[in-house]
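To start, the structure under review is shown below, and the notes come after it.
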Amino acid sequence: MPLAHADKHAMFLAYASLLGTLLYLGLAVGTAWAGMTSKAAWDAMLYVYPSWLSTTKDSVLNPGNRVAALSNSSWMGEARLNVRLEDDRFRLTLRPLLSIPQEADGVSHPQGYLSQWQARAVLSPTWTASLGREVMNWGPSQFRSPASPFYFDNGRSNPLRELSGVDAAKLSWIPNRSRSLSMAYLQGSGHEAGRASPDPWRHTWLLHGDLRGDDWAGGLVLAQPQCRSLFVGTHLQWTVNDAWLIYGEASSSRLPNALVSPADLGLPFALQAESSRQSIGLIGATVTLENGQSLSGEWLRDNHGYPPPESQSYFARAATNMASAGLALAEAPPLLNRNYLHLVWQNNLLDGDDYWRFMFTRNLDDDSSAIAGYFEQPLDNRLVLFVMGVVNVGGPRREWSSLIENSLTLGLRLALP
505 MPLAHADKHA MFLAYASLLG TLLYLGLAVG TAWAGMTSKA AWDAMLYVYP SWLSTTKDSV
565 LNPGNRVAAL SNSSWMGEAR LNVRLEDDRF RLTLRPLLSI PQEADGVSHP QGYLSQWQAR
625 AVLSPTWTAS LGREVMNWGP SQFRSPASPF YFDNGRSNPL RELSGVDAAK LSWIPNRSRS
685 LSMAYLQGSG HEAGRASPDP WRHTWLLHGD LRGDDWAGGL VLAQPQCRSL FVGTHLQWTV
745 NDAWLIYGEA SSSRLPNALV SPADLGLPFA LQAESSRQSI GLIGATVTLE NGQSLSGEWL
805 RDNHGYPPPE SQSYFARAAT NMASAGLALA EAPPLLNRNY LHLVWQNNLL DGDDYWRFMF
865 TRNLDDDSSA IAGYFEQPLD NRLVLFVMGV VNVGGPRREW SSLIENSLTL GLRLALP
């Protein structure tokens, strides 16, 4: 079949699937409301927090802060809402978010959007259909998620981060607790679609299968974007006993807009529409101590990153002029190098009301480090004080300290109602 006809056929199937799902969900909504059996609920979290940061002196990626234009201080106000309407066969959830940032110079760019939403209908005891903006992320990894095509940076290293979903129609088969299979068509990257042009996940077919046993779980992920190469990912975990969890994730993929940095400084940067196919793997373990605290350790190998000679030439090229610095900063791979160690120590979430978490990340190729701590303390039943600090060590030509030396966030969170 010619490529043009194949694309038209795929688009016809995609939009037919979307239309069918919309019609069924519309019927389910009408039935649920007409029956007057729906349950409605809502809650919200209100945040206000100032942040301060110190940019790296002599940064080659951001000389004089003229490329990234980072503000040394800022304020943020956020409202994160959850609205839910459901009955036995239908559920509608909405997660609108309103953010009001305020830079030190008085510049403010408020924005409001649906971070997530989903209309989900039960078709039978084993089949469900859904439409919406959903966070599709799998696996237990803390540092990065190789098995996720959409959320390699899964946000777990930053407790304040809000992940926004991808726009998708999904059909799921769950015959029992040990097996599940989902097929989805992604229209695009949702609210994040405008951050990259073109959207790398526009018109993507996704297949995700899970198997579960008494003490283990595993999954396979296949994602086929239009006009791009297939993503293949897998995740596994094994609960050894009450104290130990061992897990791993892996994937094979090609990255869009790949910046090539040859080790030979006589050669310039090159921007490829798609990288060569490379693999990413992560292995990790978590141990729960007798006092309920937990320690996690992970090693990540990312072959999309640069080996040391290429990352050294990356900084050397960036230092030549502002245009090269801007290109290097904008188009760098998700992780600059290939080998990383990530350690997490956190308290028992069930012991008391306070929560703390310490994280240490080491780039094993360039010896730079990121040290982070997060702490929150309830002031009453609704109000929580939180603080997060990050210190980056290594210097201007190493990954973690190439832009920011340290940062501090201090804020309040109010739960409603």
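Just so we're aligned: the sequence shown equals residues 505 to 921 in the numbering used here. Backbone N, C-alpha and C define an ideal beta-carbon position, used for all residues, glycine too. Note that the structure is predicted; figures quoted are calculated from it, not measured.
Contact holds between the region 806-817 and the region 756-765, because three or more Cβ pairs, one in each stretch, are under 8 Å apart. As DSSP reads the structure, Ser577 sits in a beta bridge with Trp556. A distance of 7 Å or more separates the beta carbons of Leu914 and Val894. DSSP, read as helix, strand or coil, puts Arg821 in helix. If the five residues before and after Asn641 are omitted, its C-beta is found closer than 8 Å to the C-beta atoms of Ser649, Ser652, Phe654, Tyr655, Asn658 and Leu667, all from its own chain and listed in chain order. In the displayed model, Asn569 falls within a helix according to three-state DSSP. Only buried fits Gln620, as 16 or more other CB atoms lie within 10 angstroms of its CB.
Distance from the CA of Ser676 to the CA of Ser661, rounded to the nearest whole angstrom, comes to 30 Å.
Membership of Glu835 in the alpha helix (DSSP H) is indicated by the continuous run Met826 to Glu835. Following the DSSP letters along the chain, one finds Thr790 inside the beta strand (DSSP E) bounded by residues Gln782 to Thr792.
For the pair Gln728 and Trp748, the CB atoms are not nearer than the 7 Å cut-off. Using a Cβ distance threshold of 7 Å, Arg805 and Gly830 do not count as a contacting pair. In this structure, the beta-carbon distance from Leu635 to Ala673 falls below 7 Å. The beta carbons of Asp671 and Arg637 sit closer together than 7 Å.
In this structure, the alpha-carbon of Asn569 lies about 20 Å from that of His613.
Using a Cβ distance threshold of 7 Å, Gly801 and Ala820 do not count as a contacting pair. Taking 7 Å as the cut-off, the Cβ atoms of Arg588 and Thr597 count as close.
In this structure, the beta-carbon distance from Glu607 to Ser563 does not fall below 7 Å. Where Lys674 is concerned, the enclosing beta strand (DSSP E) starts and stops at Val670 to Asn680. In the three-state DSSP reduction, Ser798 falls in the strand class (E or B). Pairing Ala545 with Ala919, the inter-Cα distance amounts to about 14 Å. Exposure of Trp631 is indicated by the presence of fewer than 16 other C-beta atoms within 10 angstroms of its C-beta. In this structure, the beta-carbon distance from Ser905 to Leu557 does not fall below 7 Å. Around Leu868, the same chain offers Asn843, Tyr844 and Leu845 as residues with beta carbons nearer than 7 Å, after the five sequence neighbours per side are excluded. The beta carbon of Gly669 is closer than 6 Å to those of Gln620, Arg637, Glu638, Val639 and Gly694 in its chain, skipping five residues each way along the sequence.
For Asp714, the uninterrupted beta strand (DSSP E) segment begins and ends at Thr708 to Arg716.
Taking Phe862 as the centre and dropping the five residues before and after it, the same chain places the C-beta of Trp849 and Gly877 closer than 6 Å to its C-beta, in chain order. Counting only the Cα atoms, Gly723 lies some 29 Å from Glu590. Inter-residue distance for Arg681 and His712 is about 15 Å (C-alpha atoms, whole angstroms).
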